[in-house]
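Peer 1: With this note's numbering, the residue at position 326 of the sequence shown is 536, and numbering never jumps.
Idealized CB from N, CA, C, for every residue including glycine.
The structure is given below, and queries will be raised subsequently.
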Amino acid sequence: MIRQLQRKFISITAAALFSIILLVMVAINGLFFYQTDKMLESRLAQIMTWQSSPMSRPTAPEQVSEPWADHSDGPPPPHRPGNDRTRPLLEGRLDIRPNGCLICLNEDGSIREIRQDGAGIYSTEELSGIIADILSTKKISGWHQYYKFRLETIKTGESTEVVVGLLNASDSLYSIFSVILISAVIGLTSFLLVLLIVILASKRAVKPIAESYIRQKQFVTDAGHELKTPLTVISADNELLRILCGDNEWSDGIDRQVTKMNGLVQNLIALAKMDEEQKPVFASFNLSDAVYDTVMPFENLILSREKYITVDIAENIFYTGDESRLRQMVSILMDNAAKYCDEKGAISVCLRADRLIRLQISNDYDAVNTCDLEQIFQRFYRTDKARTPDGSYGLGLSIAKSIVAYHKGTIHARALGHDRIMFEVLLR
């Protein structure tokens, strides 16, 4: 129980931590991608403005003459801005980076003209393949591999001109992927470090609950053992009273209540023992025979109450577990079905094995809509809120659930229509 609580604490904390780190990573990378995409759109818009500007052929940098080169007898003239030796002199030069270009197309889609800032950056053959792929997508803007493009149709008089702006965004995409990789590494490292701290601190975190649970369990066990002595004394005194005064209704009432109290004490002790984290000792046995041998003694009881029972148990289903406890679980479910089945109602038992072993015990119960099926396995749960005496204390189904959990299985109840309830046990 304590280990389950510790594992649940770790899993919930890890899930919350992972969600927060993932949210932060998505926000950071999403913002970076948005800003990068806006920057690329701006640069692509600059390229598209080239179609309305006069054509500017790139020229080689002009070599500025140096008067002192041939006149070594005089001092060099003072530096004047704009006379840098590497500064190109381009009339009407646009602010377009060398990784962008503008392609003018003919009506048949062939390239008529290429405008690019930097000679030889893109070859006609390379651009022809890219343009063909872009036109086949029938999109006016978007991505093609690592290129960002925009297509516009311009009417000039009676003619129509198609221009495609193309921008090589490989550097930007590399930056985006680098940010994603770095953030993922940092996020994963942070998650693992914090998770390690949570695992180490989990014992301290659940320690108060564990101590309270241990004290509560110890109290139930001690109280159960302490109650056995007075119940034994009461039973012995009642027998002596019978000998002295003979049988009477008061002695019979005392016997009934002592029997009920003994059953309650035994159930509480059994629950406390099953809650202890013991290493299970399992053995292989024939589950089909165990279920059949446990169900059949209830047949006479059910028929005597004018109710009906059908049994459908597959043969030779073997299971590795605690046979005595599983027999007790089946007995609890059968007793519950016999007790709460409607008058002249039907009870059915089915045991099958496919991927899982399924034990289904159902019965007619017209008050199924009044049951809280999610709380039905809680200790001392009673459908009758007035707690009309019926010989039980609401511990049977809780014990059955503990036995199934002990075998790493599941048990649940569900309504079959408006007048029937079924308990299903799943074992691996």
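Note down the Cα distance separating V505 from S558, rounded to an integer number of angstroms.
Peer 2: 10 Å
Peer 1: With DSSP as the reference, label F528 as helix, strand or coil.
Peer 2: Strand.
Peer 1: Measuring CB atoms only, is the region 509 to 522 touching the region 491 to 499, in the sense that at least three cross pairs come out at less than 8 Å?
Peer 2: no
Peer 1: Would you check if there are 3 or more beta carbon pairs closer than 8 Å linking the region 570 to 585 to the region 607 to 617?
Peer 2: no
Peer 1: How far does the alpha helix (DSSP H) with I340 in it reach, from first residue to last?
Peer 2: T334 to T347
Peer 1: Please list the segments of the beta strand (DSSP E) lying wholly inside the region 347 to 402, counting only runs of 3 or more residues, in order along the chain.
Peer 2: 351 to 354, 357 to 366 and 369 to 378
Peer 1: DSSP has V521 in a bridge; who is on the other side?
Peer 2: V559
Peer 1: Hey, G434 and V475 are a contact pair by Cβ (cut 8 Å); roughly how many whole angstroms apart?
Peer 2: 5 Å
Peer 1: Could you give the residue range of the alpha helix (DSSP H) that holds A500?
Peer 2: L497 to V505
Peer 1: Based on the DSSP secondary-structure assignment, which residues constitute the bridge partners of V635?
Peer 2: L569 and I621
Peer 1: Rounded to a whole number of angstroms, what is the C-alpha to C-alpha distance between L543 and V614?
Peer 2: 12 Å
Peer 1: Just tell me which of Q570, R589 and N472 has its CA closest to the CA of E637.
Peer 2: Looking at the sequence itself, residue 637 is Leu, so the reference to Glu does not match. Q570 is the residue among Q570, R589 and N472 whose C-alpha sits nearest the C-alpha of L637.
Peer 1: Return helix, strand or coil for E509, following the three-state DSSP convention.
Peer 2: helix
Peer 1: DSSP three-state label for Q326, please.
Peer 2: strand
Peer 1: Are the CB atoms of L377 and G310 within a distance shorter than 8 Å?
Peer 2: A contact, by the Cβ cut-off of 8 Å.
Peer 1: Starting from I586, trace the beta strand (DSSP E) in both directions and tell me its first and last residue.
Peer 2: First-last for I586: undefined, no H or E at that position.
Peer 1: When the Cα of V635 is compared with those of M539, C551 and G606, which residue comes out closest?
Peer 2: M539
Peer 1: What residue from A548, I313 and R562 has the CA that sits closest to L337's CA?
Peer 2: I313
Peer 1: Enumerate in chain order the residues of its own chain whose CB-to-CB distance from A342 is below 8 Å, with the five nearest sequence positions on each side excluded.
Peer 2: Correct list, in chain order: G319.
Peer 1: Please name the residue, chosen from L511, R562, E553 and A547, that lies closest to Y529 on a Cα-to-Cα basis.
Peer 2: R562
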